[in-house]
Structures are given as C-alpha cells and as structure tokens.
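Written out below as structure tokens is the structure these notes cover.
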Amino acid sequence: MKKKLTQLLKEAIHHGIEKGELKNCEVPFIEIESPRENAHGDYASNIAMMLASGQKKNPRKIAESIVNSIEDREEMLESVEIAGPGFINFFINQKFWTTLLKEVDDLAGRYGTSDLGRGEKVQVEFVSANPTGPLHIGHARGAVVGDVIARILETSGYKVSREYYINDAGNQMNTLGKSVYYRILELSGEKVDFPPECYQGEYIIDLAKKIQIKYEKELDKKECDDLTSFLTEYASSSILAGIKDDLRAFGIIFDCYFSEKELYKNNGVRKLLEDLREAGFIYKEGETLWFRTTDFGDEKDRVVVRENGEPTYFAADIEYHKNKFDRGFDRVIDIWGADHHGYIPRMYAGIKALGKDTQCLNIILVQLVNLLRDGLPVAMSTRTGEFVTLKEVIDEVGKDAARYNFLMRRSNSHLDFDLELAKRQSNENPVYYVQYAHARIKSILRMAEERGFAIPSYSEVDISLLDLEEERTLVKVINGFPELIEASARTLEPHRIPFYTNDLASVFHSYYNKNRVISDNMELTKARLFLVKTVGIVLKNALGILGVSAPERM
RNA sequence: GGGCGAUUAGCUCAGCAGGAUAGAGCGUUGGCCUCCGAAGCCAAAGGUCAUGGGUUCAAAUCCCAUAUCGCCCUCCA
Numbered sequence: 137m138k139k140k141l142t143q144l145l146k147e148a149i150h151h152g153i154e155k156g157e158l159k160n161c162e163v164p165f166i167e168i169e170s171p172r173e174n175a176h177g178d179y180a181s182n183i184a185m186m187l188a189s190g191q192k193k194n195p196r197k198i199a200e201s202i203v204n205s206i207e208d209r210e211e212m213l214e215s216v217e218i219a220g221p222g223f224i225n226f227f228i229n230q231k232f233w234t235t236l237l238k239e240v241d242d243l244a245g246r247y248g249t250s251d252l253g254r255g256e257k258v259q260v261e262f263v264s265a266n267p268t269g270p271l272h273i274g275h276a277r278g279a280v281v282g283d284v285i286a287r288i289l290e291t292s293g294y295k296v297s298r299e300y301y302i303n304d305a306g307n308q309m310n311t312l313g314k315s316v317y318y319r320i321l322e323l324s325g326e327k328v329d330f331p332p333e334c335y336q337g338e339y340i341i342d343l344a345k346k347i348q349i350k351y352e353k354e355l356d357k358k359e360c361d362d363l364t365s366f367l368t369e370y371a372s373s374s375i376l377a378g379i380k381d382d383l384r385a386f387g388i389i390f391d392c393y394f395s396e397k398e399l400y401k402n403n404g405v406r407k408l409l410e411d412l413r414e415a416g417f418i419y420k421e422g423e424t425l426w427f428r429t430t431d432f433g434d435e436k437d438r439v440v441v442r443e444n445g446e447p448t449y450f451a452a453d454i455e456y457h458k459n460k461f462d463r464g465f466d467r468v469i470d471i472w473g474a475d476h477h478g479y480i481p482r483m484y485a486g487i488k489a490l491g492k493d494t495q496c497l498n499i500i501l502v503q504l505v506n507l508l509r510d511g512l513p514v515a516m517s518t519r520t521g522e523f524v525t526l527k528e529v530i531d532e533v534g535k536d537a538a539r540y541n542f543l544m545r546r547s548n549s550h551l552d553f554d555l556e557l558a559k560r561q562s563n564e565n566p567v568y569y570v571q572y573a574h575a576r577i578k579s580i581l582r583m584a585e586e587r588g589f590a591i592p593s594y595s596e597v598d599i600s601l602l603d604l605e606e607e608r609t610l611v612k613v614i615n616g617f618p619e620l621i622e623a624s625a626r627t628l629e630p631h632r633i634p635f636y637t638n639d640l641a642s643v644f645h646s647y648y649n650k651n652r653v654i655s656d657n658m659e660l661t662k663a664r665l666f667l668v669k670t671v672g673i674v675l676k677n678a679l680g681i682l683g684v685s686a687p688e689r690m
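Quick note, the numbering used here runs 136 ahead of the 1-based positions in the first sequence.
Dropping the structure here:
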C-alpha cells in the first residue's frame, strides 16, 4: 500500500511540473507514514513540506497542486486531505482495503516473500567460535541474529549461504591439546600444576576421560609431540561435533564450515601478502610486515606477519574474505561480537585493498548479553571455565523462548536475558503472547469446522461485511507485513519482526475480545473466519522467519 | 589519554534519511469469564527524550560541547 501511494505521489508531482504548477526539481525520498491519529488518515506524507524550500512556496499550496494532480486509477482512495502545515492525508476506501486480503489468501505461506534480492548471492558468516569449548550463552545471540538475517534475506529473494569459520590454525589449538594432555596426566595419578593459560573448563576433563578409556594402550606408545597433535585433533573435532549438535537443536543449520587451515594450503596467505606488497599496501620493518591500513582511515598500521615469521589472524582474515568473493558471493555479511568493533576499519581496509567496494561487506555487531536469573546476574568466568552453555539454555527455556528473547532488541544494544522469565509461561514472557494468538486462531477455525463451517477462501466470502474499525486496523497491519520484511532485509534488522508480531497479536486479541467470529449470521461468520485465517497465515509466516514454532494448540 | 557506542516512563527497551498530542512490554491501581482458548481484554496513573548550546517553519531524531556508563586501544584470536 505504501508503495502504491509513493507511486501515486511521484506521478502527481511530475504532472504538477508538466502543468507548470511546480518547478522542476529532484523529487526526494518520499516517506509515507501511518499516523497515530485516525483523523490524520490511514497514511500520510510530508512531501509537500519537503519540497517547500526548493519550490519557494507555501507547503499547503504545494500540497494542493499535488493532490489535484493525483490520478487514482485503482480507486483506492476514499478521500485525500491537506492538514496542518502541509501534510497530505490519505483515507483508503473500505472496499479497496479488504480486497488486499485476496493476496494473503492466494500466497498463503509465501505471503511476505519478495524478489528484492533478485537472486543475488549473499553469504552470512556467524558464530565462528573457536572449537576449544562448547558454545555458551555469549554465542547464542549472534547465532540467532545471523540465522534470522539469513532467513529474512532468503524470504526476500536472495540466495543465501550460512557459513561458520573455524579458527583451527592458531595458537589456541596447541593450547587445547596441551590442556587435554595435562588432564590425562592428572587422571593417571601424576601430580601436575595445571597451567593457567590452559582451558579450565570441566569439559576438558570429560574429554580426557574419554580418550583415556578409548585409547588406553596407544597413549603409552606415543611420543610427546605426536601425542599433543593427536589430542588436539581429537579434542577439536569432538568439540566441533558438539557445537554442530547444539546449533541444530537451536534450529540453525550451516551450509558450510570453513576451516582456517584451508587458507594456508597452496601458500594462499603468502601469495596474497606478496600481491598486496607489490600493490604497495605492505611494507617491511625488520622481519615484520605491516599493512598500511592508515591509508584507508584506520588509526594505525597493522601487522600481518610477525617478527617470528608467523602471519597474524588479520592476514588470514583478508585471505578469507578474498576467498569468499572468489567463491562468487556478491555480498558478504559478517556477524561479530561488539567487542570486535575496533577491528572494523582494518577489515574494510583489507576489502578496499582487494579492490572491492565497501558495499560488498556488511558487518553487524551484536552486543553482549547479561545473563540473569530472577533479576540477579549469573556469575560467569572464562578464566575458571564456568559458563552457562547454549545447550543448558535450550534445555531449560526451550528453543522458541530463547530465540524470541534474543531477537527482541536491536543487535547493537545490550540485552538482558533472564532465564526464569524466559522459562515462565506467563504474560511476562512475550513469545507466548504471540504463539497464543496463533493457537487461539487455530482453535477458532477448528471450532468452526466442528460446527459445519468450511474455512472459506477469498472468493467465497462477502468481504464488504468486514467494516468494523478493528477489522480495518487488522487489514492494515496484515498489509504492512511484506513491507516490514523488505525493510528488515534492507536494514538487516531482525528485531523489527518481534515488534511486528507482538503488534499483530495485540490487534487480534483485542478484536477477538470485542467481537464474536462464529455467530448465527452465516455470511458474517464466513467473512470473519476468512479474516482470522489470514491473521493466522501472517503470524505463522512471521514466526517462521524467526525460527519460532507456531503451535496449533498450547 | 585516544577511538567507538549508549543515555527516552519505576524497570527493560522501540522510535532516529527532522514532522501533527513521544510509544510498547513488564510492574502499579481498578474493572471484564452462564458466550469461539483469561497464556487474553478494557481503563488509569506514570516523561524536562542525560545536560547546555546550535542549525530551521519544525529536533528524541542533525551538529558542537559537557557529564555518566559500557566496549576497544596485542606482533591474541
């Protein structure tokens, strides 16, 4: 609807210019808003005021010219008014409103999809936690945000690939092997001082036990170096398998797990550095190689090869992003923890040095989660390895509640996650509010069928019977759904969707409490059943994008 | 010290390519089940949009300062 009105206004302005009532000018971005006040119409635009300074005319006069030039070919408009300092207020006629529901009925599960992306290939990289320990609560938010951004883009006509980058080439891998090694020594009765830089978590001991039982004989024979690399390999692949299981339980399936080791094969990183050096982006200082990221606005240059000859993580990351583009992605989205924000300028420097437009890379920062239980902070410490794992959260509060709660805030703002609240099946917990609306709709439809009503489709009902104020509101909200998804796709902001589902559920609950759907009036009952069915479709589609179930009953 | 981000109702937060009387949830107070699901609905109270300046017809939204809080300032990842 907003699109139609935008189009109408654009045409009207051009007509106005042709007629000489308006000066020729660039038409700015036309914003159509839904006013709070019903008296201000169903939609409103401030375009006349936007044009005022360029036109050197009273905005109300401009609005008049525009309104007079509107050609309402589809007969959508009941009336158009000019109000206040120059707002143009649109009142949509009842008949046109309700005909919009045909589209929902026709598209059903596809309502909300679009071709915005035109098949563009997009990669979303997220989670990417080191395989040195199980996923914990800190990873969970980024995981859901990445997954839902991927779902939004899929819905909007992009070809999306979800990718997990496995940091399995660095120092921390040796530390992992060493950690397991010391725990095994401990288990076999030797007295050891467990090094503080090693991973302290309980899970290392569990791994050590498993290995001890399974490889009892082999362990004795292996030489120390050989043994550590064996332990590293065993531990990391076992941990990674666990990570995959947890993610699956959270509703997240990756298309690709990309190992950092891949980048070093065939000397990939070295070759890239050589190329960049020839292009003048890299200089040498002693044995150290520096990337001139300050050329691209970074605050200081960054090391890509250390004094000891080892490439840094940053060097591998440039190669990684080059690799992504080489694989044919038009656009790459990275989901990072907000503590990495200082890393952004150098990543963009890398992208530019590769000759890529900065538009090709979007970096989404996800802020930290404050884990609470009944309002009190839950103590966690990476040093001692005490943390609440993702699996524990899923087991305790459930996938739906966890996902929904993680999505309710803007990614870039802190989030309180209260375990007790998320678990509670009460009005304090927003997931249930929305799911309840869906279950309630299903219940009404079941009841109707029991009483002999077939659930009607658009052509079978007299849609003009839906003439209540609340019904108009419902239609309006339903109609806003595709626009909402498009906006979420453009801005990469998943949190808009929970706000929307909450809003739709609220309008529906209110309608339900005030009006009976099933009544003695056959025709009215059919019309309302149809309306309620469309609400159910939208709720289900919206929850589907969030990866949250839409229960038939609860 | 430098950089980035935040500051909106008692609490947790939306709104921010400037627009009409600043919103939601929770909490508080008071109502609504002989009737399709009360995990619901209705109503009320609650605000100097951190502070001070600026830009203009119009600022929560843009600009500049200040304050407070958080994160980052590894040849770690």
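Glycine included, every Cβ here is placed at the ideal spot set by N, Cα and C.
Note that the coordinates shown come from a computational prediction; the quantities given were computed from them, not determined experimentally.
{"Item": "Across which residues does DSSP place Gln259 in a beta bridge pair?", "Value": "Ser297, Val468"}
{"Item": "Report buried or exposed for Thr661, applying the criterion of at least 16 other Cβ atoms within 10 angstroms of its Cβ.", "Value": "buried"}
{"Item": "Looking at C-alpha atoms only, which residue of Glu619, Pro447, Glu326, Gly278 is the closest neighbour of Lys140?", "Value": "Glu619"}
{"Item": "Can you tell me which of the three DSSP states Asn225 falls into?", "Value": "strand"}
{"Item": "Helix, strand or coil: how does DSSP classify Leu508 here?", "Value": "strand"}
{"Item": "If I follow the unbroken beta strand (DSSP E) through Asn498, where does it start and stop?", "Value": "497-502"}
{"Item": "Rounded to whole angstroms, how far is the Cβ of Glu261 from the Cβ of Tyr294, which I believe are closer than 8 Å?", "Value": "Going by Cβ atoms, the distance from Glu261 to Tyr294 rounds to 15 Å, so no, they are not a contact pair."}
{"Item": "Between the segment 469-488 and the segment 498-518, can you find at least three pairs of beta-carbon atoms closer than 8 Å?", "Value": "yes"}
{"Item": "Please name the residue, chosen from Ala573, Leu682, His151, Leu508, that lies closest to Met544 on a Cα-to-Cα basis.", "Value": "Leu682"}
{"Item": "Looking at Leu425 and Leu409, is the spacing between their C-beta atoms short of 8 Å?", "Value": "yes"}
{"Item": "Am I right that Gln308 and Gly521 are in contact with their C-beta atoms under 8 Å? What's the rounded C-beta distance?", "Value": "Not a contact, Cβ separation roughly 14 Å."}
{"Item": "Return the first residue and the last residue of the beta strand (DSSP E) that Asp552 is part of.", "Value": "551-554"}
{"Item": "Report the partner residues of Phe101 according to the DSSP bridge assignment.", "Value": "With the chain represented from 137 up to 690, any question about residue 101 goes unanswered, as that position is not in the structure."}
{"Item": "Near Ser593, which residues of its chain fall below 8 Å by C-beta distance, leaving aside the five closest residues on each side in sequence?", "Value": "Asp241, Phe666"}
{"Item": "Among Thr311, Ser324, Ile388, which has the Cα closest to the Cα of Asp364?", "Value": "Here the sequence assigns Thr to residue 364, which means Asp is not the residue at that position. Of Thr311, Ser324, Ile388, the residue nearest in Cα terms is Thr311."}
{"Item": "Can you list, in chain order, the residues of its chain with a C-beta nearer than 7 Å to that of Asp598? Leave out the 5 residues immediately preceding and following it.", "Value": "Glu659, Ala663"}
{"Item": "Determine the contact status of Asp304 and Ser395, defining contact as a CB-CB distance below 8 Å.", "Value": "yes"}
{"Item": "Could you check how far apart the C-beta atoms of Ile692 and Leu628 are, in whole angstroms? I think they sit under 8 Å.", "Value": "Residue coverage of the chain in this structure runs from 137 to 690, which leaves residue 692 outside it and unanswerable."}
{"Item": "Nearest to Lys460 by alpha carbon, out of Tyr300, Trp233, Gly387?", "Value": "Tyr300"}
{"Item": "Would you call Asp536 buried or exposed, if buried means 16 or more other Cβ atoms sit within 10 Å of its Cβ?", "Value": "buried"}
{"Item": "Is the segment 438-456 close to the segment 481-497, with three or more CB pairs under 8 Å?", "Value": "yes"}
{"Item": "For Met212, which residues in the same chain have their Cβ closer than 7 Å to its Cβ, ignoring the five residues on either side in sequence?", "Value": "Lys140, Ile228, Asn229, Phe232"}
{"Item": "CA-CA distance, Arg467 and Leu289?", "Value": "12 Å"}
{"Item": "Can you tell me where the alpha helix (DSSP H) with Leu187 in it begins and where it stops?", "Value": "183-191"}
{"Item": "Which residues in the same chain as Ser579 place their Cβ atom closer than 7 Å to its Cβ, once the five residues preceding and following it in sequence are excluded?", "Value": "Arg689"}
{"Item": "Out of curiosity, what's the CA-to-CA distance linking Tyr393 and Pro267?", "Value": "12 Å"}
{"Item": "Kindly indicate the opening and closing residues of the alpha helix (DSSP H) around Thr96.", "Value": "Because the chain in this structure spans residues 137 to 690, residue 96 falls outside the shown range and cannot be described."}
{"Item": "Hey, would you say Pro630 sits closer than 8 Å to Val281, going by beta carbons?", "Value": "yes"}
{"Item": "Exposed or buried, which one is Tyr419 when buried takes at least 16 other CB atoms within 10 Å?", "Value": "exposed"}
{"Item": "Looking only at its own chain, which residues have a Cβ that is under 6 Å from the Cβ of Ser685, when we skip the five neighbours before and after it?", "Value": "Asp536"}
{"Item": "Is it buried or exposed, Met137, if we count other Cβ atoms within 10 angstroms and call 16 or more buried?", "Value": "buried"}
{"Item": "Thinking just about the alpha-carbon of each residue, which of Val611, Glu622, Val653, Ile621 is nearest to the one in Val671?", "Value": "Val611"}
{"Item": "Could you tell me the distance, in whole angstroms, from the CA atom of Ala219 to the CA atom of Asn225?", "Value": "7 Å"}
{"Item": "Going by DSSP in three states, Ala515 sits in which element: helix, strand or coil?", "Value": "coil"}
{"Item": "How far does the beta strand (DSSP E) with Val439 in it extend, from its first residue to its last?", "Value": "438-441"}
{"Item": "Can you find at least 3 beta carbon pairs, one from the segment 365-373 and one from the segment 310-327, that sit closer than 8 Å?", "Value": "yes"}
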